[in-house]
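Okay, structure first, notes after.
2 protein chains.
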Amino acid sequence: MSKPALISVDWGTTSLRCALVAADGAILARSADGPGINPPPAEGFASTLTTAIAPWRYQHASLPILMSGMIGSRQGWAEVPYLPCPANAAALAEHLHRLDAGDLGDVFIVPGLAMLGTEQPPEVMRGEETQIIGALAKTTHAKGAAAQLFVLPGTHSKWATVTGTEITSFATYMTGDVFAALRHHTILGRLMPDAATSDDAAAFAQGVSAGAADGPPGALLNRLFATRTLGLFERLPTAGLASYLSGLLIGAEIAAATALVKPEVITIIGNAELSQRYRAAADQLGLPTTIAPADCAVRGHCIIARAAGLLKEPS
Amino acid sequence: MSKPALISVDWGTTSLRCALVAADGAILARSADGPGINPPPAEGFASTLTTAIAPWRYQHASLPILMSGMIGSRQGWAEVPYLPCPANAAALAEHLHRLDAGDLGDVFIVPGLAMLGTEQPPEVMRGEETQIIGALAKTTHAKGAAAQLFVLPGTHSKWATVTGTEITSFATYMTGDVFAALRHHTILGRLMPDAATSDDAAAFAQGVSAGAADGPPGALLNRLFATRTLGLFERLPTAGLASYLSGLLIGAEIAAATALVKPEVITIIGNAELSQRYRAAADQLGLPTTIAPADCAVRGHCIIARAAGLLKEPS
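The listed protein sequences derive, respectively, from chains A and B.
Just so you know, we're using the numbering used here here: the first sequence kicks off at 1 and counts up by one.
Just so you know, we're using the numbering used here here: the second sequence kicks off at 1 and counts up by one.
Here you go:
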C-alpha cells in the first residue's frame with residue numbers, strides 16, 4: 001500500500017470533505033462529510049478540521065494539508081486574495097496561503113481565481129479552480145490544442161475555458177439558485193406538485209429547446225412564463241413542469257456559454273445526477289461532453305502540492 | 001352633474017376597485033379598495049361586491065355592472081373563456097359573460113384574451129385587455145398608422161401590440177415576480193440592506209445598460225451574478241444593488257420586447273412609480289414613451305359597455 005503523503009481538504013459552503021492521499025494520488029481514506037463554512041462551525045475551523053482528520057492522526061503528523069473552497073473566503077478561516085486569471089497549477093502553487101494552524105502543522109489554502117478587468121463585472125471562483133486542475137490531468141491537452149471548455153454545474157454554475165494547462169477565463173451562471181427561487185417563490189411553482197417530482201425527460205427536452213432558442217437576454221423573462229401556461233392549458237402534465245423549467249434554464253445556460261465558440265468537447269465536473277442532466281441537454285444541442293472522474297478536488301490538490309514542492313514524486 | 005350610468009369593477013388578484021361612472025366616462029364616486037380574489041373573500045364574491053357598492057345603492061338599482069380581471073378566472077367568480085387575440089372592444093363587448101347575480105342585476109365579466117397558436121406557448125391576460133382599450137381611447141390611432149406598443153409593467157408585465165383599435169398580439173414578461181424572488185431568495189439579496197432602499201438612479205441606469213446589451217437569452221443568468229460581484233468588489237454601493245438588479249431586469253425586458261420592431265412610442269399603463277421607472281429605462285434606450293392616464297380600466301369598461309349597447313351615448 002502507498003504511503004500517505006497529503007491531506008486533501010475540500011471545504012465549501014455546505015460541507016467539509018477530507019481525504020488521506022498517497023503521493024501518486026491514490027486515496028487511502030476519506031473522512032465522513034463535515035460541516036461547511038456557512039454557518040461557521042461553533043467550535044472553530046481548526047478544531048473542526050482536527051476532529052475530521054483525527055482518525056489519521058498517527059499517519060499525518062508531518063503531512064501537508066491542502067485546502068480549497070470557500071474556506072479561503074471572507075467568511076472562512078482566512079481570506080485569501082484571489083489570484084488573477086489566467087492561472088495554472090504552478091501559479092496556484094506559488095500563491096498558496098500558509099495558515100498558522102498550531103498542532104495541525106503545514107496547512108495551506110489554494111487561492112481562488114478572479115477576473116477583475118474593468119470592462120466587465122468581476123467574476124470569482126473558489127474551489128472550482130482546484131477541481132478543474134484535477135480534471136485537466138485526465139484530459140488530453142496537446143500543446144497548441146484548441147481551448148477546452150469545462151462546466152461545474154450547480155447553484156452557481158461555472159464555465160471555464162482552459163488553454164493548454166492554464167485556466168484563461170470563466171463565467172458564472174446562477175442557474176441552480178434561480179431555479180430554486182422560481183420554483184418555490186414565483187407563480188411558476190403553483191401548478192407543480194409539492195412532492196419531489198421524478199424527472200420527466202420529454203418535458204426537460206422541450207424546456208431545453210425553448211431555452212436554447214435564439215433571442216435577446218430578456219426573452220428569458222418571457223419564456224419562463226410558458227412553464228405556467230403550458231400547465232394551465234394542459235400541454236404539459238403538471239408533474240413535468242419542474243423538469244420543463246429545469247430544461248429551460250439549463251438549455252439557456254449551455255447555449256449562452258457556448259455561443260461564441262463551439263467547443264470540441266465540454267468536460268462536466270459535478271455529481272452524477274446533475275452531470276447526466278447537463279450531458280442530456282448538451283447532447284440535444286449537438287455538443288459533445290465528457291464527464292470528469294470523481295475526486296477532481298483531490299486530484300487537483302495533488303497536482304498543486306507537487307507543483308509547490310510539497311509532495312515527493314511517487315517512487 | 002352627470003347621471004350615473006355604469007358601475008366599473010376592476011377585480012384582480014390582490015384588490016377590488018369599484019367606480020360609479022357617468023355615460024360620458026366621468027367618475028362620480030369610487031369605493032375604498034376591497035379584497036382581491038386570492039384568497040377568495042370568505043363571504044363570497046356577490047356579497048363582497050354588494051358591500052363595496054352599497055353606498056351607491058339608491059343610485060345603481062338599474063345600472064349595468066362591468067367587471068374585468070382575475071374575477072373571470074378559474075379561481076374567480078366564474079371562469080370566462082378567453083377570447084382569441086386579435087380582438088377589439090366590439091369583440092370583447094360581444095363576448096361579455098353575464099352572471100346570475102340575483103339582486104345585483106345586470107353583472108357582466110369582460111373576457112380575457114389568449115394567444116393559443118401551437119407554434120408558441122400559450123399567452124393569456126385578464127384585465128389588461130380592458131386597460132389597453134381604455135388607454136387607446138386617449139391615443140391617436142389614425143387609420144393605417146403603424147402598430148402601437150403598450151406595456152403594463154408589474155409582477156407579470158404585459159406587452160401588447162395594437163393595430164388600429166385591435167389588440168393583435170401580446171407577451172408576458174415575469175419581471176416583477178422574478179425580481180422579488182431573486183432579491184429575497186437567492187444569494188443576490190445577501191449584500192442588500194434589509195430596509196426598503198431608496199432608488200439609486202445611477203445604479204439603476206447601469207443595470208439597464210447591462211440588461212439591454214446584446215447576447216443570447218442565457219446571458220441573463222450570467223449578468224444577474226454581477227449584482228453580487230459589483231457589490232463584493234465595492235464597484236457599487238450595497239444600497240444601490242437592488243436598483244441595479246431592477247434596472248438589469250427592466251432593461252432586458254424592454255430591449256427584448258422591442259427587439260423586432262422599434263416602436264414610434266411605447267404607452268405605459270401602470271402606477272406612477274413603476275411607470276416612471278419604465279420611462280427612465282426606455283429613455284435611456286432611446287425609446288420614446290407616453291404615460292397613459294389613470295383609470296384606464298374605468299375608461300375601458302365605458303367603451304366596452306357602449307359597444308355592448310349597455311350605455312346610452314352621452315347626451
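All C-beta atoms, glycine included, are put in the ideal place defined by N, C-alpha and C.
Treat the numbers as computed from the prediction; the structure is a model and nothing was measured.
{"Query": "Short of 8 Å Cβ to Cβ, which residues in the stretch 234-245 of chain A face chain B?", "Result": "ARG235"}
{"Query": "Under 8 Å from any heavy atom of the ligand FAD, does the C-beta of LEU310(B) make it?", "Result": "With respect to the ligand FAD, the structure offers nothing, as it holds no ligand at all."}
{"Query": "Let's see if you can read the secondary structure: which residues bound the alpha helix (DSSP H) around THR296(A)?", "Result": "Position check: residue 296(A) holds Cys in this sequence, whereas Thr was assumed. It spans 296-307 - the alpha helix (DSSP H) in which CYS296(A) sits, taken as one unbroken run."}
{"Query": "On a Cα-Cα basis, can you pick out the residue from GLY44(B), ALA42(B), GLU43(B), ILE65(B) that is closest to ILE53(B)?", "Result": "ILE65(B)"}
{"Query": "Less than 9 Å between CB atoms is the rule here; does GLY215(A) satisfy it with respect to chain B?", "Result": "yes"}
{"Query": "Within this structure, are the beta carbons of ILE303(A) and GLY134(A) separated by less than 9 Å?", "Result": "yes"}
{"Query": "Would GLU253(A) count as contacting chain B if we go by Cβ distances under 9 Å?", "Result": "yes"}
{"Query": "Which chain A residues sit within Cβ distance under 7 Å of GLU123(B)?", "Result": "THR229"}
{"Query": "Strictly by DSSP, which residues pair up with HIS97(A)?", "Result": "ILE109(A)"}
{"Query": "Are PHE204(B) and PRO122(A) closer than 9 Å when you measure CB to CB?", "Result": "no"}
{"Query": "Strictly by DSSP, which residues pair up with ILE291(A)?", "Result": "ILE268(A)"}
{"Query": "Going by other Cβ atoms of all chains shown within 10 Å of its Cβ, with 16 needed for buried, is HIS184(B) buried or exposed?", "Result": "exposed"}
{"Query": "Taking the alpha-carbon positions, what's the MET125(A) to LEU116(A) distance?", "Result": "12 Å"}
{"Query": "Is VAL151(B) close to chain A? Criterion is C-beta to C-beta, closer than 9 Å.", "Result": "no"}
{"Query": "Find out if the Cβ-Cβ distance for the pair LEU28(B), ALA22(B) is shorter than 9 Å.", "Result": "yes"}
{"Query": "Can you list, in chain order, the stretches of the alpha helix (DSSP H) that have 4 or more residues and sit fully within the stretch 126-175 of chain B?", "Result": "128-136"}
{"Query": "Can you list, in chain order, the residues of its chain whose CB lies under 6 Å from that of HIS97(A), leaving out five sequence neighbours each side?", "Result": "VAL80, ILE109"}
{"Query": "For GLU129(A), count neighbouring Cβ atoms within 10 angstroms of its own Cβ and tell me buried if that reaches 16, exposed if not.", "Result": "buried"}
{"Query": "Taking all protein chains shown into account, do 16 or more other C-beta atoms lie within 10 angstroms of the C-beta of ALA252(B), making it buried, or fewer, making it exposed?", "Result": "buried"}
{"Query": "If you pair each beta-carbon of the stretch 86-95 of chain B with each one of the stretch 35-52 of chain B, do three or more pairs fall below 8 Å?", "Result": "no"}
{"Query": "Less than 8 Å between the CB atoms is what I'm expecting for ASP10(B) and GLY127(B), so what's the real figure, rounded?", "Result": "7 Å"}
{"Query": "Who pairs with ALA87(A) in a beta bridge, going by DSSP?", "Result": "ILE167(A)"}
{"Query": "Considering only residues of the same chain and omitting the five flanking positions on each side of GLN148(A), which have a CB-CB separation below 6 Å?", "Result": "VAL162"}
{"Query": "What's the C-alpha gap between LEU99(B) and LYS3(B)?", "Result": "25 Å"}
{"Query": "Which residues of the stretch 167-183 of chain B have a Cβ closer than 7 Å to any Cβ of chain A? Give them in chain order.", "Result": "ALA171, THR172, TYR173, MET174, THR175, ASP177, VAL178, ALA181, LEU182"}
{"Query": "Using the three-state DSSP reduction, which class does TRP11(A) fall into: helix, strand or coil?", "Result": "strand"}
{"Query": "So, does the CB of ALA257(B) fall closer than 9 Å to a CB anywhere in chain A?", "Result": "yes"}
{"Query": "When you compare the stretch 231-248 of chain B with the stretch 168-187 of chain A, are there three or more beta-carbon pairs, one atom per stretch, that lie closer than 8 Å?", "Result": "no"}
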